[in-house]
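Written out below as structure tokens is the structure these notes cover.
There are 2 protein chains.
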Amino acid sequence: MKPLNVSDIGEQELLRRLHQFCPPHLVGDDAALLAVDPEHRLVVTTDVLIDGVHFSVGHASPDTITTSPEDAGWRAIAANLSDLAAMGATPMAVTVGLSLPGHVPVAQVEGLYRGMQDCLSTFGGVIAGGDVCRSPVISLAISALGQVKPGQAIVRTAAQPGDVILATGVHGASRAGLELLLSPDCGVGVSEGDRTALISAHQRPRPRFDVIHLLHNLNAFDSKRSLAGMDSSDGLADAIIQICRTSGVGARIECENLPMPPCFSSWLSPEQAIDWTLYGGEDFELVLCVPESVGRSLVDRLSTASIIGTITVQQEVLLIDSSRSPNEVPLVQSRGFQHF
Amino acid sequence: MKPLNVSDIGEQELLRRLHQFCPPHLVGDDAALLAVDPEHRLVVTTDVLIDGVHFSVGHASPDTITTSPEDAGWRAIAANLSDLAAMGATPMAVTVGLSLPGHVPVAQVEGLYRGMQDCLSTFGGVIAGGDVCRSPVISLAISALGQVKPGQAIVRTAAQPGDVILATGVHGASRAGLELLLSPDCGVGVSEGDRTALISAHQRPRPRFDVIHLLHNLNAFDSKRSLAGMDSSDGLADAIIQICRTSGVGARIECENLPMPPCFSSWLSPEQAIDWTLYGGEDFELVLCVPESVGRSLVDRLSTASIIGTITVQQEVLLIDSSRSPNEVPLVQSRGFQHF
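Chains as they are written, first to last, in the working numbering: chain W, 1 to 340; chain E, 1 to 340.
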């Protein structure tokens with residue numbers, strides 16, 4: 001039997017099916033009503049994802065599809081939730097603006113929403129409505145809402161000389177996972193377990209709310225200063241450079257401490273491994289600049305975290321590699337994806 | 001000189017230019033931080049607008065362009081703010097997810113944002129960030145945030161038998177304005193002033209926050225019940241039918257009280273005038289179901305408002321026209337725009 005397309009069921013039936021992914025008390029009126037805890041600030045962020053640019057559901061041939069609709073939905077939500085985690089916030093809700101052509105199978109749309117719901121069930125938050133409309137290309141516009149107490153927001157501008165720079169996990173894993181999906185024959189030396197972990201890092205990234213909870217448990221937020229940080233969605237190098245630029249400081253990054261998946265050493269050349277670690281992007285880890293005592297406590301309790309450098313007064317971001325000459329090279333500006 | 005396109009300036013410069021439309025303290029981090037008044041609920045709504053479906057900026061030939069970039073921006077924000085007004089909320093902020101091809105002139109994008117900012121300056125709220133990405137078609141995904149005290153939210157489900165049905169302004173004006181733009185030779189009997197007003201209703205619709213303020217001044221919100229209502233973005237008939245369906249009630253609408261622009265009588269056949277008034281859509285007025293005393297007070301103070309019918313126990317929505325046979329006809333289901 002031919003699978004049902006969106007144009008077979010029409011807008012009303014599509015909306016009815018999609019409402020099943022939303023709590024009933026939040027949808028059906030002109031807008032959703034949500035409670036924000038008193039004394040909290042609202043945190044809001046928006047991402048737009050386009051089929052063929054950020055994911056490939058609607059148009060690719062089967063052998064180039066790297067993302068199932070479920071994974072695309074998960075990733076879209078994870079990317080937004082990661083922005084909330086990067087502000088130190090806890091998630092409340094998202095709204096979803098979906099544009100798509102009529103010939104998209106209904107099962108794909110439901111898969112997309114199932115993936116979004118899975119991610120929200122795992123990390124917190126609900127789909128609080130949105131909009132659906134016809135377009136030549138599938139796109140998802142997601143706004144995520146969270147909340148944070150004012151003194152506990154993590155901001156890009158707060159890095160101070162003497163802070164340690166901490167990465168909450170390895171980088172380059174998502175980039176490596178994508179490579180394994182695109183070219184399954186590569187990564188010959190990579191074990192089955194590592195392979196699965198890298199692919200999962202690409203398909204099912206996990207925003208680091210666990211780190212935020214841990215920072216609270218460690219009483220890392222005090223009234224004297226804000227913690228600094230952002231997520232590494234556009235790459236580790238981009239995160240470090242952006243924090244330094246907005247804070248008016250510099251950084252020294254130890255090349256030997258770059259947080260890369262251990263299997264890179266048996267698979268990639270040192271240059272390739274460093275490149276993916278610094279510029280791969282989409283690992284959705286947090287890059288934090290905190291007092292050394294906070295950094296040490298966090299590393300003690302979080303096995304994935306590592307201290308990779310320090311913040312300096314000099315406004316240069318340097319990569320230090322004592323095995324090479326010169327020992328210090330400036331970290332180059334983001335090679336992150338440019339849309340235009 | 002050839003006008004600059006988005007791809008001529010690149011993503012970073014585009015973002016820098018668009019940030020000038022945002023308050024500086026709200027952009028530049030992973031997400032925006034906003035204060036919500038204690039004791040208030042957050043109200044959130046999302047709309048997606050596609051060039052060629054909801055507006056025509058990027059692709060139409062000059063003689064079919066009915067919307068300048070500034071007007072498209074204004075309309076996009078007005079549509080979202082109208083959803084906030086329909087909940088009885090006051091506006092706080094919007095986020096804007098913009099997708100567009102690289103060949104769009106930068107001046108068009110800036111015009112779009114200027115129109116959005118104009119509308120927000122007029123009715124309240126700021127652009128609190130968003131996202132920009134490349135896409136084959138221009139689309140705008142707007143999420144609007146507002147706030148309302150819990151007992152003062154206007155909801156679709158609260159209509160009660162005996163309530164009067166009130167329209168806050170005329171309907172069909174936006175549809176008529178579009179017609180005048182598409183066929184400037186039509187509407188021969190329509191005065192210059194009326195013509196301007198109808199076109200303005202289409203290009204620069206005004207969300208009815210003034211009505212919300214007036215309801216507060218009239219102490220119309222009491223603890224015993226919620227007021228019922230929604231906006232008429234999908235047409236007057238659609239609003240009445242949706243309120244009745246979700247409230248489990250019916251309605252009697254007096255045909256002679258249908259709120260239409262006076263100039264319709266000298267321009268359109270009675271059938272055409274009624275059709276545009278009931279089904280034209282995009283007037284962004286409020287349709288309220290309130291106790292008769294509240295309705296009378298509102299009409300006394302608001303010259304554009306009129307009482308058009310009453311809510312009944314019988315779950316039918318009837319249009320009453322004593323000059324015809326039969327006198328009563330069921331109002332048909334929305335002929336509002338179907339996306340699929």
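Backbone N, C-alpha and C fix where the C-beta goes; we use that ideal spot for every residue, glycine too.
Could you name the residues of chain W that residue i contacts, counting a contact when the two beta carbons are closer than 8 Å?
{"i": "E/I50", "result": "S99, C133, R134, S135"}
With 8 Å as the threshold, decide whether the Cβ of residue i is near any Cβ in chain W.
{"i": "E/V53", "result": "yes"}
{"i": "E/G130", "result": "yes"}
{"i": "E/G102", "result": "yes"}
{"i": "E/T312", "result": "no"}
{"i": "E/S226", "result": "no"}
{"i": "E/S223", "result": "no"}
{"i": "E/A60", "result": "Model confidence at E/A60 stands at a pLDDT of 47, short of 50, so the residue's coordinates are unreliable; what they give is reported in the following sentence. With 8 Å as the cut-off, E/A60 does not count as an interface residue toward chain W."}
Taking Cβ-Cβ distances shorter than 7 Å, what residues in chain W pair up with residue i?
{"i": "E/P38", "result": "P38"}
Run through chain E and tell me which residues come within less than 7 Å of residue i, C-beta to C-beta.
{"i": "W/A35", "result": "R41"}
{"i": "W/V155", "result": "D29"}
{"i": "W/L14", "result": "F340"}
Using DSSP with H/G/I as helix, E/B as strand and the rest coil, what is residue i?
{"i": "W/P69", "result": "helix"}
{"i": "E/D104", "result": "The sequence shown places Val at residue 104 of chain E, not Asp. E/V104 falls in the coil class under three-state DSSP."}
{"i": "W/N217", "result": "helix"}
{"i": "E/Q152", "result": "helix"}
{"i": "E/S61", "result": "At E/S61, the pLDDT of 44 sits below 50, so the modelled position is not reliable; the number obtained from the coordinates is stated separately. Coil."}
{"i": "E/D118", "result": "helix"}
{"i": "E/P259", "result": "coil"}
{"i": "W/S223", "result": "coil"}
{"i": "W/A273", "result": "helix"}
{"i": "E/A176", "result": "helix"}
{"i": "W/C186", "result": "coil"}
{"i": "W/P24", "result": "helix"}
{"i": "W/D341", "result": "Missing from the structure shown is residue 341 of chain W; chain W here goes from 1 to 340 and no further."}
{"i": "W/R252", "result": "strand"}
{"i": "E/S323", "result": "coil"}
{"i": "E/A128", "result": "strand"}
{"i": "W/T168", "result": "coil"}
{"i": "E/F55", "result": "strand"}
{"i": "W/V137", "result": "coil"}
{"i": "E/T304", "result": "coil"}
{"i": "W/L286", "result": "strand"}
{"i": "W/L44", "result": "For clarity, residue 44 of chain W is Val in the given sequence; the question names Leu instead. Here W/V44 sits in strand by DSSP."}
If we count the other Cβ atoms within 10 Å of its Cβ and call it buried at 16 or more, is residue i buried or exposed?
{"i": "W/D194", "result": "buried"}
{"i": "E/M230", "result": "buried"}
{"i": "W/E39", "result": "exposed"}
{"i": "W/H103", "result": "exposed"}
{"i": "W/V329", "result": "exposed"}
{"i": "E/G309", "result": "buried"}
{"i": "W/P62", "result": "For W/P62, the predicted structure reports a pLDDT of 44, less than 50, and the residue's modelled location is therefore unreliable. A value from the coordinates is still provided. Answer is exposed; the Cβ neighbour count stays below 16."}
{"i": "W/S121", "result": "exposed"}
{"i": "E/T64", "result": "In this predicted model, E/T64 has a pLDDT of only 48, less than 50, meaning its place in the structure is not dependable enough to derive any value."}
{"i": "E/A107", "result": "exposed"}
{"i": "E/V285", "result": "The displayed chain sequence assigns Glu, not Val, to residue 285 of chain E. With 16 or more Cβ atoms within 10 Å of its Cβ, E/E285 is classed as buried."}
{"i": "E/S99", "result": "buried"}
{"i": "E/C219", "result": "Position check: residue 219 of chain E holds Asn in this sequence, whereas Cys was assumed. It is exposed - the Cβ of E/N219 has fewer than 16 other Cβ atoms within 10 Å."}
{"i": "E/E282", "result": "buried"}
{"i": "W/D37", "result": "exposed"}
Residue i CB to nearest chain E CB: under 8 Å?
{"i": "W/T246", "result": "yes"}
{"i": "W/S143", "result": "yes"}
{"i": "W/S174", "result": "no"}
{"i": "W/A86", "result": "yes"}
{"i": "W/D210", "result": "no"}
{"i": "W/Q230", "result": "The sequence given here places Met at residue 230 of chain W; Gln does not occur at that position. It does; some Cβ of chain E falls within 8 Å."}
{"i": "W/S139", "result": "yes"}
Going along chain E in order, which residues have a C-beta closer than 8 Å to the C-beta of residue i?
{"i": "W/D234", "result": "Ordered by position in chain E, no residue passes the 8 Å Cβ test against W/D234, which lies about 11 Å from the chain."}
{"i": "W/T45", "result": "D30, A31, A32, T95, G129"}
{"i": "W/S7", "result": "F340"}
{"i": "W/D83", "result": "D30, A31"}
Please check the pair residue i and residue j, which I expect to be a contact at CB under 8 Å, by giving their CB distance rounded to whole angstroms.
{"i": "E/G172", "j": "E/W267", "result": "The Cβ separation is near 11 Å, so there is no contact."}
{"i": "W/I240", "j": "W/V148", "result": "About 23 Å separates the two Cβ atoms, so there is no contact after all."}
{"i": "E/Q343", "j": "E/G169", "result": "Since the displayed chain E opens at 1 and closes at 340, residue 343 of chain E lies outside it and no answer follows."}
{"i": "W/L34", "j": "W/G129", "result": "W/L34 to W/G129, Cβ: 10 Å. No contact."}
{"i": "W/A89", "j": "W/R206", "result": "About 16 Å separates the two Cβ atoms, so there is no contact after all."}
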